[in-house]
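In my numbering, the protein residues as written are 11 to 131.
A virtual CB, placed ideally from N, CA and C, is assigned to each residue, including glycine.
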């Protein structure tokens with residue numbers, strides 16, 4: 011191989027590695043769990059079904075949907091639930107850790123559980 015061929019080969023490898031790292035970074039950016047913040051608490055949105063009879067009163071609804079990679083910092087914001095999604099208190103939901111609330115999609119209730127705060131000292 012000539013010197014020019016080596017430089018082209020090395021440049022090609024660098025471009026491939028750069029594209030790989032860029033795509034990996036974009037993938038990690040979207041790898042945040044679905045969350046909603048209500049009453050000063052961040053909850054992780056699950057796909058676990060909740061029982062309608064355990065749903066208590068409406069506590070609010072999602073007012074703003076933020077980008078998927080963001081963590082909700084304001085009450086009534088979510089990175090996964092659509093604007094207008096109704097949130098409900100759950101029977102016994104404040105008495106245990108992690109606390110729970112329900113969210114309603116269509117006619118079904120789903121559970122959102124309190125996110126652990128590892129930053130507390």
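Beta-carbon proximity list for residue i, same chain, < 8 Å, skipping 5 on both sides
i: residue 57; result: 120
i: residue 10; result: Since the first residue shown for the chain is 11 and the last is 131, residue 10 is missing from the structure and cannot be characterised.
Residue i - DSSP class collapsed to helix/strand/coil
i: residue 60; result: strand
i: residue 28; result: helix
i: residue 21; result: helix
i: residue 66; result: strand
i: residue 33; result: helix
i: residue 88; result: strand
i: residue 101; result: coil
i: residue 77; result: coil
i: residue 71; result: strand
i: residue 118; result: strand
i: residue 93; result: coil
Contacting residues, own chain, Cβ-Cβ under 6 Å from residue i (five flanking each side not counted)
i: residue 109; result: 103 and 124
i: residue 42; result: 79
i: residue 76; result: 87 and 89
Residue closest to residue i, alpha-carbon to alpha-carbon, out of the options
i: residue 174; options: 12, 33 and 86; result: Any answer about residue 174 is impossible in this case: the structure gives the chain only from 11 up to 131.
i: residue 115; options: 101, 95, 105 and 126; result: 95
i: residue 113; options: 84, 83, 105 and 61; result: 61
Same chain only: Cβ atoms within 7 Å of residue i, ignoring 5 sequence neighbours per side
i: residue 99; result: 66, 67, 69 and 111
Integer-rounded CB distance, given that residue j should sit under 8 Å from residue i
i: residue 97; j: residue 55; result: About 10 Å; that fails the 8 Å criterion.
i: residue 122; j: residue 46; result: 6 Å
i: residue 59; j: residue 101; result: Not confirmed; about 15 Å, so no contact.
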